[in-house]
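S.K.: I have a structure I would like to understand better, so I am pasting it below and will then ask my questions one at a time.
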Amino acid sequence: MQEGAKEYYSQLTLDDIRPLPEKQKLPRRPPVIVFNPSRCSGCGTCEMVCSNRNVNMVAPASSSVKVLRAEDRGRNFAILCLHCREPLCMEACPVRAIDKEEDGIVRIRNIFCVECGICTLACPESAPLIEPVSGKVHKCDLCDGDPLCAKYCPEDALHFYHGKSLGWIKFLRWPVQAISFLLLVMILVGTFCYFTAGVVSLPCPTGTLQNIASTKTLVLTGVGAAMVLIVLTFLFGRIFCGWICPFGFFLDLVGTFTPKFGLPKFLKSRMIKYGILAGAVGGAAGLGFQPFCTVCPIGSICRSYGPGGVFKGAELAIVPAVATLELGQRRSWCRYLCPVGAVLALAAKIGLMKIVIGAQQCKKFSCMQCADICPMGIIDREALREGIAPAIPMDECIMCMRCVDKCPYSSAKIRFRWQKTIPGEVKAWTYS
Amino acid sequence: MDLQLARFFNSKMALVDLSDSSVEYIPLPSDVFTEHIGGMNINAMLLSEYSGTEPIVLGTGPLTGSFAPASGLMVASFVSKENAISHVPFMLNSGPQLKFSGVDFVVIIGRAEKPVMLELIDNTLRISSADNLTGTLAEREKILMSQGKVCPEIALLTGQAAESGSPHACLSIGLWGSLDKASLGASLADKNLKAITLKAAGGIAFDEATIEMGSSLAKKVRESFRKRQYVVQDKMGSGEGAKKIIKKHFKKSHACYHCPLACMSYLEYRQPKAGGRGSRRQGVFLFDHAGFAALNAKRPTDTPFMLKECIDRGLDPVAAARYLDPKMSAEKSLVRILDLAANQQDMAGSKQPEGIPAKSAVFGDGIPTIEPTGAADDFDTWEKRVSLAMALGICPIFMLCCADIVGRDLLAFVSSQEEHLEALQEKLSIQS
């Protein structure tokens, strides 16, 4: 071999031979097997039929699904491939023998597999199983779309289905947000801060608090009216922030188009908004007027339309200034700074509704789409990575229901506070 | 006529001589299967062949591990101290794990100098030291899990009762208990054999067409029984007391290998902590139905606790029940169980408890006495149905509970040819 060719070949990497496939868009309805531990009797029929397909004989050791019995707890647990959105086995495979194809199924290509077993170490679920004698690696390929384990499971503990196809909530939320924006900003001029229609008046709760502090007068009707939003939040969570707030809608729109560069650490404390709230109320008591209302981006955007509205340049400058925070994180204002959200958060904390993520069909580390989509960043990725159902802090949740909408396995749900948090949830368990 | 039964087997047996720690694999000619079919019949043949060496034979039937329902049976045959042949059924995955390990029968002869255990792991049989295998069965199982590189699927264990030479020591399947009331555990202790562990790496090719047959039979069984946790106790006529206890403590149904009946229950109870401060959750598998019924008759309030204590010490619960008094406190009862396990109390010749007729002695006394009322074929009595099950490798409890399933239903898994079926039926009828 010539010297030049030798050098050329020595520089070749696996990427030159079999490059990692480009990330493909998930199918709209990703296929999935849902395991229900409360139904599984541990009979091992799934192992029988799976091994029969894999090696043409009943040989549980050659099965791609494994049923384990927790004798000390009387429970059964199945290990099977979850066909992750971003499969770690695929990235770990040193010979690129694992592919995720257009149908959403992760497959091992036997002709490339060198049976090194690294995929079993990379997989959080240890789903690729190694035959003890031959060393061959087996992994569920969903029987190419008709999994036999689910078909023959006598207890229906394994259920095969395609994830839900269409999230309808976004088609409801965007129009509601747009209509709210039109009403509060363009049609009902000067609203939100103090909206009056006939005998009904609805003031902003933060404004009301500042008003009480600045005038040192408690007007019960005013407080009662301000409570409407509080009661609404108690009943349905911070639905105002997610569905009604015109500035929230504005931020959602801006956030859709802006890239994200992150925020400095000192800004990333959810307690700042409570500090701003306390400062606003304290400042009102000291100054005799409502200082925050003058710079409130929600109020500013409401007052921006109409005669003279656009000319309030200084006041309107608040809106784009705050909106630039969207370059940091989505809804940065709502997460860390908004004192109106702080008041509502207190009501939502003791509210009736909650969002639960992590029902039996939740694919946790293999999916995490809920964590990706959440504009408030409150879904704990670490918990999902560890296979634990994350607790949703309802004081921070704006009830936009994006997680419910996005979850392809319908495992994000809205529940009443007193309802069981995670139905049938079984913590991760290992045999040895 | 060649019934072609050899295709259901590996046609190989292992002869284990504990006295010199040797293992010999011996091929079995196909006419052995044609003549004796399998299970307890071949076990009996091997017992007579190796008589004089105090053999213990572990064997499987032609349907063991197949797509036939409840095909998880392994039969352990030995000559008891009363000089009678006993065939003890072992369910869960015992049978398939033995068969898929590459041997159909294991004959254990001789006596080891030091405590040993027999490991049939990944198709390799070896005899290893069991000096460290001490304590309760739960502790022994933990030791087994921690010491090896691989976890056994099935661990047949003797407990403290066997070590102390109790004639009512039984061989237990892990923490599940046992149907051994014929002192197989004591016979193993005589050989200095403490445990037998199984983990198969191979398999057998069964006719794929029988998958659907098995599935339809399973469906039929599931439709017949709704509350499966009570099925066996109901059919045994244990009364409302036993049912109440199961209802109170029931947590989950469990099944043996490929069994649609799932007659085993996991019962959970609270056990006071040592020192009387608080309590902790404990659980026990209701696998030994006869043992549960016997204990329930004596100790109706704390049956699960007593059952657990007996299992943990490798003591036959039926024998223990004879020594318990309903008026005795739980602490005193526990002390008595510990005494029974720790002392050589020869109860041979003592009166059999009610409900265990002499006819069941040949099958280890642990199979529930359920008359298969309404069985519409030649196998219409307790003895005939149990014999059929023990020869074919099907769970005898399943056969007794599901009287709708006739012999022909099972024989269809062996052959589809009418003349084969008739020959098999005739042979099995004579043998039973």
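Quick mapping for you: the protein sequence lines, in order, are chains V and P.
Per our numbering, the first sequence starts with residue 5, numbered consecutively.
Per our numbering, the second sequence starts with residue 546, numbered consecutively.
Ideal placement from N, C-alpha and C gives every residue a C-beta, glycine not left out.
Let me see if you follow: with CB-CB separation under 9 angstroms, is V69 of chain V close to chain P or not?
M.R.: no
S.K.: Our contact map puts C407 of chain V next to C378 of chain V with C-beta atoms below 8 angstroms; I'd like the distance itself, whole angstroms only.
M.R.: 6 angstroms
S.K.: Which ranges would you report for the alpha helix (DSSP H) in the segment 264-334 of chain V if only whole runs of at least 4 residues count?
M.R.: 276-291, 295-299, 301-307, 317-320 and 322-327
S.K.: Buried or exposed for P34 of chain V, please, with buried defined as at least 16 other CB atoms from any protein chain shown within 10 angstroms of its CB.
M.R.: buried
S.K.: Tell me whether G900 of chain P sits in a helix, a strand or coil according to DSSP, three-state version.
M.R.: Any answer about G900 of chain P is weak, because its pLDDT of 45 lies below 50 and its placement is not dependable; what the coordinates show is given next. Note: G900 of chain P maps to coil in three-state DSSP.
S.K.: Can you tell me whether I571 of chain P is buried or exposed? The criterion is at least 16 other CB atoms within 10 Å of its CB, across all chains shown.
M.R.: exposed
S.K.: Should L125 of chain V be labelled buried (16 or more other beta-carbon atoms within 10 Å of its own) or exposed?
M.R.: exposed
S.K.: Identify which residue in P:S564, P:P607, P:N677 and P:M809 has its Cα closest to the Cα of L933 of chain P.
M.R.: For the residues P:S564, P:P607, P:N677 and P:M809, the minimum Cα distance to L933 of chain P belongs to P:P607.
S.K.: Is A700 of chain P helix, strand or coil by DSSP?
M.R.: Assigned with DSSP and collapsed to three states, A700 of chain P falls in strand.
S.K.: With G46 of chain V and A800 of chain P assumed to form a contact (beta carbons below 8 angstroms), what rounded beta-carbon distance in angstroms separates them?
M.R.: About 6 angstroms; that satisfies the 8 angstroms criterion.
S.K.: Closer than 8 angstroms is the cut-off here; do at least three beta carbon pairs connect the segment 712-723 of chain P with the segment 574-587 of chain P?
M.R.: no
S.K.: I'd like to know if the segment 669-685 of chain P and the segment 605-623 of chain P are in contact, where contact means that at least 3 CB-CB pairs between them fall below 8 angstroms.
M.R.: no
S.K.: Does any residue of chain P bring its CB to less than 9 angstroms from the CB of V137 of chain V?
M.R.: The beta carbon of V137 of chain V sits closer than 9 angstroms to some beta carbon of chain P.
S.K.: So, is I354 of chain V buried or exposed, given that buried needs 16 or more other C-beta atoms within 10 angstroms?
M.R.: exposed
S.K.: Buried or exposed, going by whether 16 or more other CB atoms sit within 10 Å of the CB of D676 of chain P?
M.R.: With fewer than 16 Cβ atoms within 10 Å of its Cβ, D676 of chain P is classed as exposed.
S.K.: Taking A346 of chain V as the reference, give the member of V:L233, V:R421 and V:P158 with the closest Cα.
M.R.: V:L233
S.K.: Considering only residues of the segment 394-425 of chain V, which uninterrupted beta strand (DSSP E) runs meet the minimum length of 3 residues and lie entirely inside it, listed in chain order?
M.R.: 416-420
S.K.: P902 of chain P to G909 of chain P, Cα distance in whole Å?
M.R.: Because the pLDDT at P902 of chain P is just 49, under 50, the model does not fix this residue reliably, and the value given afterwards should be weighed accordingly. Spanning the two alpha carbons is a distance of roughly 11 angstroms.
S.K.: In terms of alpha-carbon separation, which member of P:A835, P:L973 and P:I912 lies closest to A978 of chain P?
M.R.: For chain P, the structure presents residues 546 to 977; residue 978 of chain P sits outside this window and is missing.
S.K.: State the DSSP-derived secondary structure class of E983 of chain P, mapped to helix, strand or coil.
M.R.: The requested residue 983 of chain P does not occur in the structure, where chain P is confined to residues 546 to 977.
S.K.: Any beta carbon from chain V within less than 9 angstroms of K796 of chain P's own beta carbon?
M.R.: yes
S.K.: Looking only at its chain, what residues have a beta carbon closer than 7 angstroms to the beta carbon of E525 of chain P, apart from the 5 residues adjacent to it on each side?
M.R.: The shown model of chain P, from 546 to 977, leaves out residue 525 of chain P, and the question about it has no answer.
S.K.: Determine whether the Cβ of N114 of chain V lies closer than 9 angstroms to any Cβ atom of chain P.
M.R.: no
S.K.: If you measure between the beta carbons of A589 of chain P and S622 of chain P, is that distance less than 9 angstroms?
M.R.: The answer is yes: Cβ separation under 9 angstroms.
S.K.: Between R335 of chain V and I402 of chain V, is the Cβ-Cβ spacing less than 9 angstroms?
M.R.: yes
S.K.: Would you call R826 of chain P buried or exposed, if buried means 16 or more other Cβ atoms sit within 10 Å of its Cβ?
M.R.: exposed
S.K.: How about L720 of chain P: is its C-beta nearer than 9 angstroms to some C-beta of chain V?
M.R.: yes
S.K.: Would S723 of chain P pass as an interface residue toward chain V - the criterion being a Cβ-Cβ separation below 9 angstroms?
M.R.: no
S.K.: Quick check for students: name the residue ranges of the alpha helix (DSSP H) that lie wholly in the segment 577-647 of chain P, counting only runs of 4 or more.
M.R.: 585-594 and 639-644
S.K.: Fully enclosed by the segment 133-159 of chain V, which alpha helix (DSSP H) runs are 4 residues long or longer?
M.R.: 152-156
S.K.: Check whether the segment 853-873 of chain P touches the segment 697-715 of chain P, counting contact only when three or more Cβ pairs, one atom from each stretch, lie closer than 8 angstroms.
M.R.: yes
S.K.: Going by DSSP, name the residue or residues bridged to D676 of chain P.
M.R.: According to DSSP, D676 of chain P bridges with nothing at all.
S.K.: Just the Cα atoms here: how many angstroms apart are L86 of chain V and P64 of chain V?
M.R.: 20 angstroms
S.K.: Which runs of the beta strand (DSSP E) fall wholly inside the segment 742-824 of chain P and span at least 3 residues, in chain order?
M.R.: Restricting attention to beta strand (DSSP E) runs no shorter than 3 residues, the segment 742-824 of chain P encloses them at 795-799 and 809-817, ordered along the chain.
S.K.: At the 9 angstroms Cβ level, is F751 of chain P part of the contact set with chain V, yes or no?
M.R.: yes
S.K.: Measuring straight from C-alpha to C-alpha, what distance separates I112 of chain V and R385 of chain V?
M.R.: A straight line joining the alpha-carbon of I112 of chain V with that of R385 of chain V spans about 27 angstroms.
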